[in-house]
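Residue 81 in our numbering is what sits at position 81 of the sequence shown, and the numbering runs on without skipping anything. Quick reminder that beta carbons are idealized off the backbone N, C-alpha and C, glycines included. Source: prediction; values computed, not measured. Take a look at the structure below.
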Amino acid sequence: MLKHEKAVVVFSGGQDSTTCLFWAKERFADVETVTFDYGQRHKLEIECASQIAKEQGVKQTVLDMSLLNQLAPNALTRTDIEIKEGDQGLPTTFVEGRNLLFLSFAAVLAKGIGAKHLVTGVCETDFSGYPDCRDSFIKSLNVTLNLAMDYPFVIHTPLMWLDKAETWELADQMNALEYIRDHTLTCYNGIKGDGCGECPACKLRKAGLDKYLSRRNASVEGGRSV
Numbered sequence: 001m002l003k004h005e006k007a008v009v010v011f012s013g014g015q016d017s018t019t020c021l022f023w024a025k026e027r028f029a030d031v032e033t034v035t036f037d038y039g040q041r042h043k044l045e046i047e048c049a050s051q052i053a054k055e056q057g058v059k060q061t062v063l064d065m066s067l068l069n070q071l072a073p074n075a076l077t078r079t080d081i082e083i084k085e086g087d088q089g090l091p092t093t094f095v096e097g098r099n100l101l102f103l104s105f106a107a108v109l110a111k112g113i114g115a116k117h118l119v120t121g122v123c124e125t126d127f128s129g130y131p132d133c134r135d136s137f138i139k140s141l142n143v144t145l146n147l148a149m150d151y152p153f154v155i156h157t158p159l160m161w162l163d164k165a166e167t168w169e170l171a172d173q174m175n176a177l178e179y180i181r182d183h184t185l186t187c188y189n190g191i192k193g194d195g196c197g198e199c200p201a202c203k204l205r206k207a208g209l210d211k212y213l214s215r216r217n218a219s220v221e222g223g224r225s226v
């Protein structure tokens, strides 16, 4: 643990950000979360994030980012836009500038409470082609925030090089797999836990879980046979 160090976790109540919350709690003396209300289809996402923050004993700040919905129409906020692969390769769930704005506002909040560490669940391994999930973007933004605010921010991306199976493995190592499986909301159709099983987010999540559990079970069986 980094004594006397504070961290702010960009927190949606989904699998990845909740894994990051547990990761941050193991490493920092004081952890807070920031959740963004940008007109998500399912208000349950914000309710889920609030409930997890409460259960884990961390302060949550919810910021109004409804302007993002006006600027960047997408399937996560508009019921009239189908969730599918987009015309230019990116899925219709991509929200232009989301991580740029989220991390920038998180940085303003963090500086105000004396936190140098920002934690986000972006990942380049299972990132669906989202440009603002790339490691190069995060490194660039880290420099920009430090220069813009004259403050020594460090952006942590513990999931950057992990696939979904490895993300489940990390959760298991922190004794949080079942909690994350049952309490988080990843589903594009707004169903907690294992979700609808049909949307792209649920399929990716389930494939990763199945792969990890199969590997874990094989390891246990192999250990017994020795």
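Test item: CB-CB of residue i and residue j under 9 angstroms
i, j, result
"Leu213", "Cys20", "no"
"Glu178", "Asn189", "no"
"Leu100", "Leu63", "no"
"Met149", "Lys203", "no"
"Ser50", "Gln40", "no"
Assigned exposure category for residue i - 16 Cβ within 10 Å defines buried
i, result
"Ile113", "exposed"
"His4", "exposed"
"Thr35", "buried"
"Ala107", "buried"
"Gln173", "exposed"
"Asn175", "exposed"
"Val220", "exposed"
"Ala115", "buried"
"Thr125", "exposed"
"Gly252", "No answer is possible for residue 252: the residues shown for the chain start at 1 and end at 226."
"Trp23", "buried"
"Val57", "Reading the sequence as shown, one finds Gly at residue 57 and not Val. Answer is exposed; the Cβ neighbour count stays below 16."
"Cys196", "exposed"
When the options are compared against residue i, the one with the closest alpha-carbon
i, options, result
"Ala53", "Arg134, Thr144, Glu169, Ser12", "Ser12"
"Lys206", "Lys164, Leu170, Ile191", "Lys164"
"Glu55", "Thr18, Lys43, Ser66, Ala201", "Thr18"
"Lys25", "Cys202, Met65, Ala171, Lys139", "Ala171"
"Glu235", "Val10, Val62, Asp16, Leu100", "Summary: the structure shown does not reach residue 235, with the chain confined to residues 1 through 226, and so no result is reported for it."
"Asp210", "Trp168, Arg134, Lys192", "Trp168"
"Val10", "Ser104, Pro152, Ala29, Asp194", "Ser104"
"Leu66", "Lys43, Lys6, Cys48", "In the sequence under discussion, the amino acid at residue 66 is Ser, which differs from the Leu named in the question. Here the closest residue by C-alpha is Lys43."
"Gly97", "Asp132, Cys196, Cys123, Ala115", "Asp132"
"Glu45", "Ala29, Cys187, Gln60", "Cys187"
"Tyr38", "Phe102, Ser140, Tyr130, Lys59", "Phe102"
"Ile191", "Lys139, Gly14, Asn217, Glu32", "Gly14"
"Thr33", "Asn217, Val8, Ser140, Leu141", "Val8"
"Pro152", "Glu47, Leu141, Trp161", "Leu141"
Strand pairing of residue i, partner residues [DSSP]
i, result
"Val31", "Ala7"
"Gln51", "Answer is none; Gln51 lacks a bridge partner."
"Asp64", "Asp37"
"Leu159", "Note: Leu159 sits in no beta bridge, so no partner."
"Val119", "Val9, His156"
"Lys59", "Glu32"
Cβ of residue i within 9 angstroms of any chain D Cβ
i, result
"Val9", "Judged by its chain identifiers, the structure shown contains no chain D, having just a single protein chain."
**OP:** Could you say if the segment 137 to 149 and the segment 180 to 187 meet the contact criterion of at least three C-beta pairs nearer than 8 angstroms?
**Re:** no
Original post:
Counting Cβ pairs closer than 8 angstroms, one from the segment 151 to 165 and one from the segment 116 to 124, do we hit at least three?
Top reply: yes
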